[in-house]
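In what follows, a structure is listed as structure tokens, so that the remarks can point back to it.
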Amino acid sequence: MENDKLKSIPDYAFNNSQLRYIWFGAHFKQTSQPIEYIGKYSFYHAPNLTSLRIFSPVLAKIGKYSLAMNRTSRTVNDDLGQMLYIDIGGSMLDSSSFESTSLTRFRNRSTFLRLYNTSIDYLNENVFQPFLESNPSSLLDVQDSNISRSCDSRSLWIKSEYCINSDSRENRVYGTACCSF
């Protein structure tokens, strides 16, 4: 969906177990999608989802349990080939945009969360640690965000637990100066 004038993704928006891809906006044209808010449980009843992309220059709030899953599909297993890929971009997204439970309830599904072209300057431990702990294969990439240029003291918690090796293939958080060796 692109330039559809949708200003929010409502609570419980998607109720289709066959959906595999949902894309809002285009990352190379961040002027077209006016989504400001992602509601609660928006993708809760889309268990076969493998790719979610949301690009909006005015996205500023991600609500409680916004990305939660009701159940893991029977066709999705813990194989990295079945990982859920989530790309979210928008210059108005900052460290306070995420409600405390916005990145929880993935039902032990491995998830690659990529946040880019954001104004995030630190990773709130109360938001991002539950996401990383939800599955030992889950990954976080914050490249091309404010946090990629500096390491705020509020983000140091990731260094000891998730950026453990100078070989970046073994790390679970990418793109932050906190994980630079």
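No gaps in the numbering here: position 165 of the sequence shown is 165 in our numbering, and each next residue is one more.
Built from N, CA and C at the ideal position, the CB exists for glycine as well.
Note that the structure is predicted; figures quoted are calculated from it, not measured.
Alpha-carbon to alpha-carbon, residue j and residue i
{"i": "P136", "j": "S110", "result": "7 Å"}
{"i": "L67", "j": "D141", "result": "16 Å"}
{"i": "S51", "j": "S17", "result": "14 Å"}
{"i": "I62", "j": "E161", "result": "25 Å"}
{"i": "I120", "j": "S97", "result": "9 Å"}
{"i": "A177", "j": "C151", "result": "5 Å"}
{"i": "P57", "j": "L49", "result": "24 Å"}
{"i": "Y44", "j": "R105", "result": "9 Å"}
{"i": "G25", "j": "I86", "result": "13 Å"}
{"i": "S138", "j": "R53", "result": "17 Å"}
{"i": "F14", "j": "N146", "result": "31 Å"}
Residue i (DSSP reduced to helix, strand or coil)
{"i": "Y162", "result": "helix"}
{"i": "A26", "result": "strand"}
{"i": "N232", "result": "Examination of residue 232 is not possible in this model, given that the chain is present from 1 through 181 alone."}
{"i": "F128", "result": "helix"}
{"i": "S153", "result": "helix"}
{"i": "N146", "result": "helix"}
Contact test: residue i Cβ vs the ligand HEM heavy atom, cutoff 7 Å
{"i": "S97", "result": "Summarising the ligand content, the structure contains no ligands, and the ligand HEM is consequently not present."}
Beta-carbon proximity of residue i to residue j, cut-off 8 Å
{"i": "F131", "j": "L156", "result": "no"}
{"i": "L115", "j": "L93", "result": "yes"}
{"i": "F112", "j": "M83", "result": "yes"}
Close beta carbons around residue i, own chain, < 8 Å, minus the five adjacent residues each side
{"i": "Q30", "result": "In this prediction, Q30 scores a pLDDT of 49, lower than 50, which makes its location untrustworthy; no coordinate-derived value is stated."}
{"i": "L6", "result": "F24, Q33, P34 and I35"}
{"i": "Y12", "result": "G39, K40, Y41, S42, Y44 and H45"}
{"i": "Y65", "result": "K40, Y41, Y44, T101, S102, T104 and R105"}
Own chain, CB closer than 7 Å to residue i, minus 5 neighbours either side, in chain order
{"i": "S100", "result": "N126 and V127"}
{"i": "I9", "result": "I35, I38, G39 and S42"}
{"i": "L19", "result": "A46, N48 and L49"}
{"i": "V173", "result": "L140, I158, Y162, C163 and C179"}
{"i": "S95", "result": "I120, D121, Y122 and N124"}
6 Å Cβ shell around residue i - same chain, five flanking residues per side excluded
{"i": "N108", "result": "N135"}
{"i": "G175", "result": "D141, V142, Q143 and S148"}
{"i": "R154", "result": "Y122"}
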